Structure formats: C-alpha cells, structure tokens
Amino acid sequence: ETGVTQTPRHLVMGMTNKKSLKCEQHLGHNAMYWYKQSAKKPLELMFVYNFKEQTENNSVPSRFSPECPNSSHLFLHLHTLQPEDSALYLCASSQVGYGYTFGSGTRLTVV
Amino acid sequence: AQSVTQLDSQVPVFEEAPVELRCNYSSSVSVYLFWYVQYPNQGLQLLLKYLSGSTLVESINGFEAEFNKSQTSFHLRKPSVHISDTAEYFCAVTDANAGGTSYGKLTFGQGTILTVHP
Numbered sequence: 036e037t038g039v040t041q042t043p044r045h046l047v048m049g050m051t052n053k054k055s056l057k058c059e060q061h062l063g064h065n066a067m068y069w070y071k072q073s074a075k076k077p078l079e080l081m082f083v084y085n086f087k088e089q090t091e092n093n094s095v096p097s098r099f100s101p102e103c104p105n106s107s108h109l110f111l112h113l114h115t116l117q118p119e120d121s122a123l124y125l126c127a128s129s130q131v132g133y134g135y136t137f138g139s140g141t142r143l144t145v146v
Numbered sequence: 018a019q020s021v022t023q024l025d026s027q028v029p030v031f032e033e034a035p036v037e038l039r040c041n042y043s044s045s046v047s048v049y050l051f052w053y054v055q056y057p058n059q060g061l062q063l064l065l066k067y068l069s070g071s072t073l074v075e076s077i078n079g080f081e082a083e084f085n086k087s088q089t090s091f092h093l094r095k096p097s098v099h100i101s102d103t104a105e106y107f108c109a110v111t112d113a114n115a116g117g118t119s120y121g122k123l124t125f126g127q128g129t130i131l132t133v134h135p
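See below:
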C-alpha cells in the first residue's frame with residue numbers, strides 16, 4: 036500500500052455507460068494528478084489539481100471529467116468512452132520536490 | 018519546458034550481470050530527478066531521487082544513479098541484477114523551483130523495460 040488508493044482496480048464498461056474512478060490519499064499532499072498509460076506509449080498527463088483547483092488540462096476529451104471535492108479525493112468521471120480509451124489510469128499525489136506517490140491504477144477496458 | 022529521453026526501450030540482461038539504464042534530460046532551469054519502477058499490473062513506485070547534495074544517490078535494493086549536470090544525465094545502475102528486478106523503469110524530471118501551476122509536476126521518459134534472464 037503506497038498511501039494512494041485507487042478503486043476499482045479493474046473496470047469493464049460499454050461505450051454508452053457512465054462510470055467513475057476514485058482516488059484517495061491521506062499523505063497530506065496538496066497536488067493530485069491523473070495519468071493515462073497505454074501500451075507502447077509514454078505516460079500521458081491528463082489533469083493536475085493543486086489545492087483542489089484544476090491547474091492543468093492537457094487537451095483531454097470532454098468524455099473524461101475530473102472532480103476534486105477536497106485535497107484528499109480525486110475522481111475521474113467517464114461517459115461515452117471509445118475503445119481507444121482502454122488503458123491503465125494512474126492517480127498520483129505530491130508535495131513539491133518530493134516526487135509523486137502513485138496508486139496502483141485502474142485497468143479500464145472499453146467494449 | 019522539460020523533456021526526458023530514455024535511450025533504450027528494452028534492456029535484456031542475465032542474472033548477476035551489471036546493468037545501466039540511460040536517461041538524459043533537457044531543461045533550462047535547475048531540476049530534481051527521479052527514477053520510478055513499475056512491476057506488472059501495478060502503479061509506479063519511487064526508486065530513488067536526486068534533489069541536491071551528493072550527485073550519487075542510492076536505493077535500498079542496490080540501485081544507484083548519478084546526476085551529471087554537464088552531460089544532463091541521470092543514468093541508473095546496478096552491479097548485479099536479480100530476476101526480481103524485471104520491470105519497467107521510468108526516469109522523470111521536475112523544476113526544482115516549482116511553484117504555481119507547475120507545482121511538482123513531473124515529466125516522464127518513455128520507459129525502459131529491464132528483463133533479467135536466468
């Protein structure tokens with residue numbers, strides 16, 4: 036256990052479904068991140084939240100909708116996804132200068 | 018803007034052999050540097066980091082990395098690898114004076130898959 040918990044670990048959803056990924060940290064970190072990791076591709080930063088405020092959105096399609104209700108929780112709401120959205124979605128948290136602490140990820144399969 | 022280049026996408030080695038995973042970075046500002054390891058079906062785990070001080074940093078499981086500012090490199094080494102070291106390794110960099118919207122944000126390399134054969 037790293038201190039960053041992601042649920043669920045695995046998710047299979049149809050293209051018309053709506054689902055949410057959850058990330059929780061109690062490390063006292065002020066920044067939280069969503070990354071997408073696809074096979075044979077580098078890690079893609081999706082969203083950054085600092086002190087609950089979204090500070091970065093890397094041209095992510097609107098079918099991905101993040102939510103950060105407090106500094107300990109981060110959600111990624113999913114709707115009308117495409118098969119190419121199948122990937123490992125990683126959440127991380129950080130304090131500046133200390134690097135990230137990652138969760139174990141959610142393996143998403145869109146069918 | 019910063020970038021990280023991991024020069025080898027795959028490195029196969031035999032057990033007990035030495036290994037070096039190469040990482041070069043580009044940045045116009047001072048940096049902090051990190052190596053992460055990812056085992057199959059898991060998230061990334063911090064292996065070691067350089068923030069300041071000694072340019073040689075070590076992990077608890079025998080890996081070490083040396084920050085070379087003149088060559089803008091942070092290569093990862095281990096003198097004798099084990100089967101259990103088989104994993105994907107990521108080099109990452111962040112602005113050492115981060116603030117505001119770049120608060121600790123890491124830029125990752127593309128990863129190097131280390132495969133240790135018996």
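Same order as they appear, the protein sequences are chains B and D.
Count along the first sequence starting at 1, add 35, and that's the number in this note's numbering.
Count along the second sequence starting at 1, add 17, and that's the number in this note's numbering.
A virtual CB, placed ideally from N, CA and C, is assigned to each residue, including glycine.
Bear in mind the structure is a predicted one, so any value in this text is a computation, not a measurement.
- Of the residues assessed, T129(D) falls on the buried side of the cut-off, its CB having 16 or more other CB atoms within 10 angstroms.
- Under DSSP, F82(B) takes part in a beta bridge, and its partners are W69(B), N92(B).
- Proximity of Y135(B) to chain D, defined by a Cβ-Cβ separation below 8 Å, is satisfied.
- Interface with chain B (8 Å Cβ-Cβ cutoff): K122(D) is included.
- Each residue's CA atom was taken as its position, placing F80(D) and Q23(D) some 17 Å apart.
- The alpha-carbon of S100(B) is positioned some 10 Å away from that of N92(B).
- Taking C-beta atoms as the reference points, L143(B) and C126(B) fail to come closer than 8 Å.
- Here the alpha carbon of D25(D) sits roughly 7 Å from the alpha carbon of L38(D).
- Nearest neighbour of S94(B) by Cα position, chosen from S129(B), F82(B), Q72(B), S139(B), turns out to be F82(B).
- Under DSSP, K53(B) forms a beta bridge with H114(B).
- Residue range 99-105 is occupied by the beta strand (DSSP E) that includes P104(B).
- Residue contact with chain D for V83(B): present (Cβ-Cβ distance below 8 Å to some residue of chain D).
- Rounded to the nearest whole angstrom, the C-alpha separation of L61(D) and N105(B) is 24 Å.
- Runs of the beta strand (DSSP E) spanning 3 or more residues and lying entirely within the stretch 86-131 of chain D occur at 90-95, 104-112, in chain order.
- Taking C-beta separations shorter than 7 Å and ignoring five residues to either side along the sequence, the partners of N85(B) in its chain run N65, A66, following chain order.
- Taking CB atoms only, F51(D) has a neighbour in chain B less than 8 Å away.
- Listed in chain order, the positions of the stretch 104-136 of chain B with a beta carbon within less than 9 Å of a beta carbon of chain D are L123, L125, C126, A127, S129, Q130, V131, G132, Y133, G134, Y135, T136.
- The three-state reading of DSSP puts E81(D) in strand, counting E and B together.
- Selection E33(D), A34(D), L50(D), V54(D) evaluated against G138(B) yields V54(D) as nearest (Cα-Cα).
- The three-state secondary structure of E119(B), taken from DSSP, is helix.
- Contact annotation for L143(B) against chain D: no contact, minimum CB-CB distance about 13 Å [criterion: below 7 Å].
- G63(B) counts as exposed, since fewer than 16 other C-beta atoms from the protein chains shown sit within 10 angstroms of its C-beta.
- Looking at A18(D), F91(D), S20(D), P57(D), the one whose alpha-carbon comes closest to that of S71(D) is F91(D).
- Apart from the 5 residues on each side of it in sequence, H99(D) sits with its Cβ closer than 7 Å to the Cβ of E32, V133 in its chain, given in chain order.
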